[in-house]
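Read through the structure below, which is laid out as structure tokens, and then see the notes.
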Amino acid sequence: MAKLVLSMDGLVLKEISLDKPRITIGRKANNDIQIDNLAISGQHAAIAVILDDAFLEDLNSTNGTYVNGQSVKKRVLQDNDVVEMGKYRLKYMLEGGEGGSVTGATGGLGAPLDTALDAPADQPAAGAAAKPAAAGEAVPASAPRLGVVRVLSGPNAGREVSLDKPRTSLGKPGHQVAVIVRKPDGYLITHIEGAVYPKVNGIELAAEGRRLGDHDSIEIAGVKMEFLLRS
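Residue numbers in the sequence shown follow the numbering used here, run continuously in steps of one, and reach 283 at the last position.
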């Protein structure tokens, strides 16, 4: 489990385990990590935890959020990253070894929806669904059901993206991005980037995300899709 070490002027103030799907940081008392200082906004930043990854998001704070000296709006945290808010420092530390990186481990955030689905019509989209097994071909009874996203609207309607990686990102960077996480017991979708959250079955996602069911409708960055489970 990852943790944050809060310090100021080199003095360690406390350690916080990232044991919740979403951790909020700010001056107000209703935050998970309260920093009672005028340089800190009431709702300053949040960290979304998905499996072994932690996503930092600045919540339009007045004085900004920095990681290793660079101003950030969104960032996947890496081991030993230092998050800076005013005079306060939050060091991100992984316990028990290195954690994964969405970008490097899966290629998910490196293949956003507008790239994967805008490929020429005579080329398969990145992560396109594999060809179904031929008739009579044996399929292991224990094989888990594979998730697939089918595009329903726009110029790429009818194309499919196979969710065969631990994490697959969908959306348009800088506008709206969501990530679908493949778990042993199913698929989870959560919001990563953008002021407006994606919708599932017409309802805007909550901050902690939600599980996907067969034939759920998804809308991300104006593109309508359907989630399907296949044997």
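Glycine included, each C-beta is placed from N, C-alpha and C at the ideal position.
N-terminal and C-terminal residue of the beta strand (DSSP E) that residue i is part of
i, result
"GLY62", "Segment: none, GLY62 is in no beta strand (DSSP E) and carries neither H nor E."
"GLU147", "GLU147 -> no beta strand (DSSP E), and no H or E assigned at all."
"HIS284", "Absent from the structure is residue 284, since the part of the chain shown begins at 53 and ends at 283."
"ASP105", "105–110"
"MET53", "That residue, MET53, is in no beta strand (DSSP E); it is neither H nor E in DSSP."
"TYR118", "117–119"
"SER123", "122–124"
"TYR239", "238–245"
"GLN228", "228–235"
"THR220", "219–224"
"LEU198", "198–203"
"LEU76", "A small fix is needed here, since residue 76 is Thr in this sequence, not Leu. Note, THR76: beta strand (DSSP E), 74–78."
"SER214", "212–214"
"LEU129", "Run containing LEU129: none; DSSP gives neither H nor E here."
"ILE102", "97–102"
Assumed close pair residue i, residue j - CB separation to whole angstroms, cut-off 8 Å
i, j, result
"VAL252", "ILE241", "7 Å"
"VAL135", "THR117", "7 Å"
"ILE68", "ILE85", "6 Å"
Short CB-CB distance (under 7 Å) between residue i and chain C
i, result
"GLU256", "The structure shown has no chain C; it contains just one protein chain."
Contact under 7 Å by Cβ, residue i with residue j
i, j, result
"LEU65", "LEU58", "yes"
"ILE92", "MET137", "yes"
"LEU215", "GLU278", "no"
"LEU70", "ALA81", "no"
"LEU1", "HIS243", "This structure gives no information on residue 1, because the portion of the chain shown stretches from 53 to 283."
"VAL275", "GLY206", "yes"
"VAL111", "ALA97", "Correcting the residue identity first, residue 111 is Leu in this sequence and not Val. Against a cut-off of 7 Å, the Cβ pair of ALA97 and LEU111 comes out as a contact."
"ALA273", "LYS217", "no"
"GLU245", "PRO73", "no"
"VAL248", "ILE102", "no"
"ARG197", "LEU280", "no"
With 16 other Cβ atoms within 10 Å as the buried cut-off, status of residue i
i, result
"GLU212", "buried"
"THR167", "Residue placement at THR167 is poorly supported in this model, since its pLDDT is 36, which falls under 50; the coordinates are not used for a value here."
"LEU264", "buried"
"ALA173", "Note that ALA173 scores 41 on pLDDT, short of 50, meaning its location in the model is unreliable; the coordinates nonetheless yield the value given after this. Result: exposed."
"HIS284", "As displayed, the chain neither begins before 53 nor continues past 283, which places residue 284 out of reach and without an answer."
"GLU109", "buried"
"VAL200", "buried"
"VAL119", "buried"
"PRO250", "buried"
"ASN132", "exposed"
"ARG141", "buried"
"ASP105", "buried"
"LEU90", "exposed"
"SER283", "exposed"
"GLY78", "buried"
"LEU129", "buried"
"ILE255", "exposed"
"MET60", "exposed"
"SER123", "exposed"
"ARG114", "The identity of residue 114 in the sequence shown is Thr, whereas the question assumes Arg. Classification of THR114: exposed, given that the 10 Å Cβ count is below 16."
Contact test: residue i Cβ vs the ligand ATP heavy atom, cutoff 6 Å
i, result
"GLY265", "This structure does not include the ligand ATP; it has no bound ligands of any sort."
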